[in-house]
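Peer 1: Read in order, the letters of the sequence shown correspond to residues 3 to 398 in this note's numbering.
The beta carbon of each residue, even a glycine, is placed where N, CA and C say it ideally should be.
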Amino acid sequence: MNETIMLEKQYVLQTYNRPDFVIIGGDGVWLVADDRTRYLDGGSGIAVNALGHGHPVVRAALKEAAAAPIHLSNLYHNAPMAQLARDLCESSFAARVFFANSGSEANEGAFKFARKYARAVLNRTDKTGIVAFSGSFHGRSMGAVAATATEKYRAPFEPVMPGVTFAAFNNIASARAAITKKTCAVIVEPVQGEGGVTPADDDFLAAIRRRCDETGALLIFDEVQCGVGRTGTLWAHEPFGVQPDIMTVAKPLAGGLPMGAILMTQAVADAIQPGDHGSTFAGGPFVSRVARAVFSTLSQAEFLADVRHRSDYLERKLRWLVKHHPTVTDVRGRGMMWGLLTTVPAANIVAAAQEQGLLILSAGANVVRLLPPLVISEAEIDVLTEKLSLALAEVG
Ligand SMILES: Cc1ncc(COP(=O)(O)O)c(C=O)c1O
Numbered sequence: 003m004n005e006t007i008m009l010e011k012q013y014v015l016q017t018y019n020r021p022d023f024v025i026i027g028g029d030g031v032w033l034v035a036d037d038r039t040r041y042l043d044g045g046s047g048i049a050v051n052a053l054g055h056g057h058p059v060v061r062a063a064l065k066e067a068a069a070a071p072i073h074l075s076n077l078y079h080n081a082p083m084a085q086l087a088r089d090l091c092e093s094s095f096a097a098r099v100f101f102a103n104s105g106s107e108a109n110e111g112a113f114k115f116a117r118k119y120a121r122a123v124l125n126r127t128d129k130t131g132i133v134a135f136s137g138s139f140h141g142r143s144m145g146a147v148a149a150t151a152t153e154k155y156r157a158p159f160e161p162v163m164p165g166v167t168f169a170a171f172n173n174i175a176s177a178r179a180a181i182t183k184k185t186c187a188v189i190v191e192p193v194q195g196e197g198g199v200t201p202a203d204d205d206f207l208a209a210i211r212r213r214c215d216e217t218g219a220l221l222i223f224d225e226v227q228c229g230v231g232r233t234g235t236l237w238a239h240e241p242f243g244v245q246p247d248i249m250t251v252a253k254p255l256a257g258g259l260p261m262g263a264i265l266m267t268q269a270v271a272d273a274i275q276p277g278d279h280g281s282t283f284a285g286g287p288f289v290s291r292v293a294r295a296v297f298s299t300l301s302q303a304e305f306l307a308d309v310r311h312r313s314d315y316l317e318r319k320l321r322w323l324v325k326h327h328p329t330v331t332d333v334r335g336r337g338m339m340w341g342l343l344t345t346v347p348a349a350n351i352v353a354a355a356q357e358q359g360l361l362i363l364s365a366g367a368n369v370v371r372l373l374p375p376l377v378i379s380e381a382e383i384d385v386l387t388e389k390l391s392l393a394l395a396e397v398g
């Protein structure tokens, strides 16, 4: 057995089922395994590698960042973090940013800020409820997993953070009933990822916004997976014409380095005092410098227009697959985030695709999930869909 696989099986906690190859290199949308097999990366490290592998912008930023202090702690000012915060605020609804190291940590902070806002600004100690939705995924830590709908992620670890109730996603009546005067925050993914690649209906986010305003609850958009260009607009919520009070982002933000961020309005920021929250590594100069370079590329209007153009091409190709493979009943998504609804287990299609040299993901039992790097070309989309078509033919 390959030594890496042997060591992993013996020493690493077995929380993931990994395939039996080891990736040793990557270039653009391609990954190379130790036996020289080339895989087209249709998952981007779960929506992280938006610029693919070995992108010159990331390489140059890494080199520059390595020549400066790597870590300073949050006890001191650091220029890249302050500049990145400005970049994020100037490109969004937000007035302030708190940095974190992951999506889960960003959501934890968002919940804390919402609870503090209810106490400090609204003067309400009983306004602690958090409403989340069916199909949601917000992370694995005790607060984030409490707001994650999938029972099997949550149940073995109870008691998790109390106060969370679930409403039905895309069901306005259910959301309105769940959000009450005792709700301090509502958390929703504008396009659900792990739950099955499900975009919110056109009027759903606006209806939640209205209900939050009626009840004094804060609206949190979790754009950890769908944000920063993934759906073809910088923020996934843009086309809905609705703004949150808080937004969490993470995955693609720092080109593969761990970084999360909580963006918020000034009203939310006003509730937070020095000492209320912190994080040792978060927003360090190394990761922030790289994130600035990545964000300046991903946020360019021309880059995003080009993603949308290639997304249309990918969508046409995926709709062709629906017509020609009876195991695929529909396709849904936005930008470079797509789900194929399948009549057979999605895991079987993921395995068959791997045999064809294509790495993709599932999102629940019957949804195959595609999250290719945002830089994928039309010619590479052709290769992706050909490989997927072969995999579907084999499974179907
Ligand atoms: C929408 C969403 N929120 C939060 C998370 C948790 O992020 P992390 O794994 O970085 O903690 C994920 C991870 O998949 C996610 O998709």
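Is residue 227 a contact residue of ligand 1, with contact defined as CB to any heavy atom under 7 Å?
Peer 2: For ligand 1, at least one heavy atom lies less than 7 Å from the Cβ of residue 227.
Peer 1: If the criterion is Cβ atoms closer than 8 Å, does the pair residue 393 and residue 358 meet it?
Peer 2: Yes, the Cβ-Cβ distance between residue 393 and residue 358 is below 8 Å.
Peer 1: From the DSSP secondary-structure annotation, give me the bridge partner or partners of residue 166.
Peer 2: Bridge partners of residue 166: 132.
Peer 1: Using a Cβ distance threshold of 8 Å, determine whether the stretch 263 to 277 contacts the stretch 328 to 348, with at least three qualifying pairs required.
Peer 2: Cβ pair count under 8 Å is below three, so no.
Peer 1: In three-state DSSP terms, what is residue 78?
Peer 2: Coil, per DSSP.
Peer 1: Whole angstroms are fine: how far does the CA of residue 355 sit from the CA of residue 235?
Peer 2: Roughly 28 Å between the two C-alpha positions.
Peer 1: So, is the C-beta of residue 77 closer than 8 Å to a C-beta in chain D?
Peer 2: Absence of chain D from the displayed structure is noted, only one protein chain being present.
Peer 1: Given a threshold of 16 other Cβ atoms within 10 Å of its Cβ, counted over all protein chains shown, does residue 262 qualify as buried or as exposed?
Peer 2: Classification of residue 262: buried, given that the 10 Å Cβ count is 16 or more.
Peer 1: Of the choices 24, 218, 144, 50, whose alpha-carbon is the least far from that of residue 39?
Peer 2: Closest option to residue 39, Cα to Cα, is 24.
Peer 1: Select from 136, 144, 161, 159 the residue whose C-alpha is nearest the C-alpha of residue 151.
Peer 2: That would be 136, whose Cα lies nearest to the Cα of residue 151.
Peer 1: Just verifying my parser: in three-state terms, what is the DSSP assignment at residue 257?
Peer 2: Strand at residue 257.
Peer 1: Tell me whether residue 345 is buried or exposed, calling it buried when 16 or more other Cβ atoms sit within 10 Å of its Cβ.
Peer 2: By the neighbour-count rule (16 or more Cβ atoms within 10 Å), residue 345 is not buried but exposed.
Peer 1: Return yes when at least one heavy atom of ligand 1 lies under 7 Å from the C-beta of residue 104, else no.
Peer 2: Result yes, Cβ under 7 Å from ligand 1.
Peer 1: Taking the straight line between their C-alpha atoms, what separation do you get for residue 110 and residue 143?
Peer 2: For residue 110 and residue 143, the distance between alpha carbons rounds to 8 Å.
Peer 1: In chain order, what residues of the same chain lie with their CB nearer than 7 Å to the CB of residue 167, ignoring the 5 residues before and after it?
Peer 2: Result list for residue 167: 131, 133, 180, in chain order.
Peer 1: From residue 322 to residue 184, what does the alpha carbon distance come to, in whole angstroms?
Peer 2: Cα to Cα, the separation comes out at about 48 Å.
Peer 1: Using 8 Å as the Cβ pair cut-off and three pairs as the minimum, do the stretch 52 to 67 and the stretch 92 to 100 touch?
Peer 2: No, because fewer than three Cβ pairs between the stretch 52 to 67 and the stretch 92 to 100 fall closer than 8 Å, the two stretches do not touch.
Peer 1: Determine contact between the stretch 81 to 91 and the stretch 233 to 247, defined as no fewer than three beta-carbon pairs at a distance below 8 Å.
Peer 2: The stretch 81 to 91 vs the stretch 233 to 247: no contact.
Peer 1: Look at residue 48 and residue 363 and say whether their C-beta atoms are less than 8 Å apart.
Peer 2: Yes, these two residues count as a Cβ contact at 8 Å.
Peer 1: In whole angstroms, what is the alpha-carbon distance linking residue 298 and residue 398?
Peer 2: Going from the Cα of residue 298 to the Cα of residue 398 covers about 43 Å.
Peer 1: By Cβ distance, which residues of its chain are closer than 8 Å to residue 208, with the 5 residues on each side in sequence left out?
Peer 2: Cβ neighbours of residue 208 beyond the five flanking positions: 242, 243, 244.
Peer 1: Under a three-way DSSP split, which group does residue 214 fall into?
Peer 2: In the structure shown, residue 214 sits in a helix (DSSP, three-state: H, G or I).
Peer 1: Within its chain, find whatever has a CB closer than 6 Å to the CB of residue 62; leave out the 5 residues flanking it on each side and keep chain order.
Peer 2: Counting only Cβ-Cβ distances below 6 Å, and skipping sequence neighbours, we find nothing.
Peer 1: Counting along the chain, where does the alpha helix (DSSP H) carrying residue 113 start and finish?
Peer 2: It spans 105 to 122 - the alpha helix (DSSP H) in which residue 113 sits, taken as one unbroken run.
Peer 1: Considering only heavy atoms of ligand 1, does any lie closer than 7 Å to the CB of residue 142?
Peer 2: Yes, the beta carbon of residue 142 sits closer than 7 Å to at least one heavy atom of ligand 1.
Peer 1: May I have a chain-ordered list of the alpha helix (DSSP H) segments no shorter than 4 residues that lie completely inside the stretch 307 to 363?
Peer 2: 348 to 357, all fully within the stretch 307 to 363.
Peer 1: State the CB to CB distance for the pair residue 361 and residue 42, rounded to an integer number of angstroms; the pair is presumed to be in contact (CB under 8 Å).
Peer 2: Going by Cβ atoms, the distance from residue 361 to residue 42 rounds to 7 Å, so yes, they are a contact pair.
Peer 1: Within 8 Å, do at least three Cβ pairs link the stretch 101 to 117 to the stretch 251 to 259?
Peer 2: Because the criterion of three Cβ pairs below 8 Å is met, the stretch 251 to 259 and the stretch 101 to 117 touch.
Peer 1: Starting from residue 384, trace the beta strand (DSSP E) in both directions and tell me its first and last residue.
Peer 2: Segment 380 to 397 is the alpha helix (DSSP H) holding residue 384; no beta strand (DSSP E) there.
Peer 1: Can residue 51 be considered in contact with ligand 1, in the sense that its beta carbon sits closer than 7 Å to one or more heavy atoms?
Peer 2: Checking the Cβ of residue 51 against ligand 1 gives no.
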